[in-house]
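Engineer: Quick note, the working numbering runs 30 ahead of the 1-based positions in the sequence shown.
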Amino acid sequence: MWADIMREFSDSPSQYRVVRFLLENGFGVNEEGRIVCNGIEIPATHIGKAIDADRRVVDATARRILANPSLKRIFTHMRASPDVSQVAETLGLSVITLLPKDAHQKGIVGAAVKILVDHDLTIRQIFVTDPYFAEEPKLVVIVEEKVPPSVYEELRALPQAKQLII
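What follows is the structure, encoded as C-alpha cells:
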C-alpha cells in the first residue's frame, strides 16, 4: 500500500516529500484540504518550513490526496499515536531498540515479543518504523520492568537482529 501511495507522487518530488512527511508523522488531511494531526489543523506554512517546501506545494498535495478516492480514505482517517520512548526513563520504563538485518523479513516482532513474554516482562508499547520510510528501520519496545541482561543477550542472538540498542 505504501509503495502505491509513493508511486502516485513519483512525478512530483516536492509533493512526494510532503506525502512522505505526512505518513512518517501520522498526519492526515481533513475534508477541507487542511493538514491535521488527530483533528487539529497544522498550517501548511509550518509543514512547508519543516520540509523546506513552499506552502503551495503542501496545499496542492492535500488537494491531490482528496481527489484520489483511495488516498482520501487513508488520509482522512490517519491518526498519530504517542511515542513514549523519549520519556520512558522519566516514567521508569525500559526501552529496547532492535535494528534488523532485513526489515522486510517476517517474524522479527514475534521473535522479540516471545523472548520478552517468556521472561514475564510487561510490554507497554511497541513501535516499528516502516522500512519504506525509514533509512534505518527499527523495532522499539518499551517494557515496565528493568530488563535482565539475559534478555538482551537473547534478543541480540536473534538471527534477524543486526544491532541492539539499550
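Beta carbons are placed, not taken as given, at the ideal position from N, Cα and C, and that holds for glycine.
#1: Which partner residues of Q193 appear in the DSSP bridge assignment?
#2: How about L129 and E166: do their beta carbons lie closer than 9 Å?
#3: Indicate the three-state DSSP secondary structure (helix, strand or coil) for Q116 in the structure shown.
#4: Taking its Cβ as the centre, do 16 or more other Cβ atoms sit within 10 Å of E54, making it buried, or is it exposed?
#5: Rounding to the nearest angstrom, what Cα-Cα distance links I72 and F51 in this structure?
#6: In this structure, how does DSSP classify F157 when only helix, strand and coil are distinguished?
#7: Return the bridge partner residues of E71 from the DSSP annotation.
#8: Can you tell me the Cβ-Cβ gap for V173 and T152, rounded? I've got them flagged as a contact below 8 Å.
#9: Whose C-beta lies closer than 7 Å to the C-beta of Q155 among residues of the same chain, with five residues either side of it excluded?
#10: What's the gap between the Cα of K144 and the Cα of L123?
#11: Note the first and the last residue of the continuous alpha helix (DSSP H) segment covering V147.
#12: Assuming V49 and I70 are in contact, meaning their beta carbons sit under 8 Å apart, how far apart are those beta carbons, in whole angstroms?
#13: Considering only residues of the same chain and omitting the five flanking positions on each side of A80, which have a CB-CB separation below 8 Å?
#14: Give me, in chain order, the residues of the same chain whose beta-carbon lies closer than 8 Å to that of Y182; leave out the 5 immediate sequence neighbours on both sides.
#15: Please determine whether the Cβ atom of L129 lies at a distance below 8 Å from any heavy atom of the ligand SAM.
Structural biologist: Quick answer:
#1: Here residue 193 refers to the residue found at position 163 of the sequence shown. For Q193, which the question treats as bridged, DSSP gives the partners L129.
#2: Working through the sequence shown from its first residue, we reach residue 129 at position 99. Working through the sequence shown from its first residue, we reach residue 166 at position 136. Their beta carbons are under 9 Å apart, which means L129 touches E166 by this criterion.
#3: Numbered from its first residue, the sequence shown carries residue 116 at position 86. If DSSP states are grouped into helix, strand and coil, Q116 belongs with the helices.
#4: By 1-based counting over the sequence shown, the position of residue 54 is 24. With fewer than 16 Cβ atoms within 10 Å of its Cβ, E54 is classed as exposed.
#5: Along the sequence shown, read from residue 1 onward, the residue named residue 72 stands at position 42. Along the sequence shown, read from residue 1 onward, the residue named residue 51 stands at position 21. Looking at the two C-alpha atoms, the distance is approximately 13 Å.
#6: Along the sequence shown, read from residue 1 onward, the residue named residue 157 stands at position 127. The answer is strand: DSSP assigns F157 an E or B state.
#7: Mapped onto the sequence shown, residue 71 falls at position 41. Per DSSP, V66.
#8: By 1-based counting over the sequence shown, the position of residue 173 is 143. By 1-based counting over the sequence shown, the position of residue 152 is 122. V173 to T152, Cβ: 6 Å. Contact.
#9: Position 125 of the sequence shown, counting from 1, holds the residue named residue 155. Contacts found: V114 and I172.
#10: The count along the sequence shown starts at 1 and reaches residue 144 at position 114. The count along the sequence shown starts at 1 and reaches residue 123 at position 93. Spanning the two alpha carbons is a distance of roughly 19 Å.
#11: If you number the sequence shown from 1, residue 147 lands on position 117. Residues I138 to D148.
#12: As a working mapping, residue 49 is identified with position 19 in the sequence shown. As a working mapping, residue 70 is identified with position 40 in the sequence shown. With a beta-carbon spacing of about 19 Å, V49 and I70 fall beyond the 8 Å limit used to define contacts.
#13: On the sequence shown, position 50 is the one that residue 80 refers to. Excluding sequence neighbours, A80 sits near F51.
#14: Within the sequence shown, numbered from 1, the residue matching residue 182 stands at position 152. Only I126, L194 and I196 meet the Cβ criterion.
#15: Among the components modelled here there is no ligand, and therefore nothing to report on the ligand SAM.
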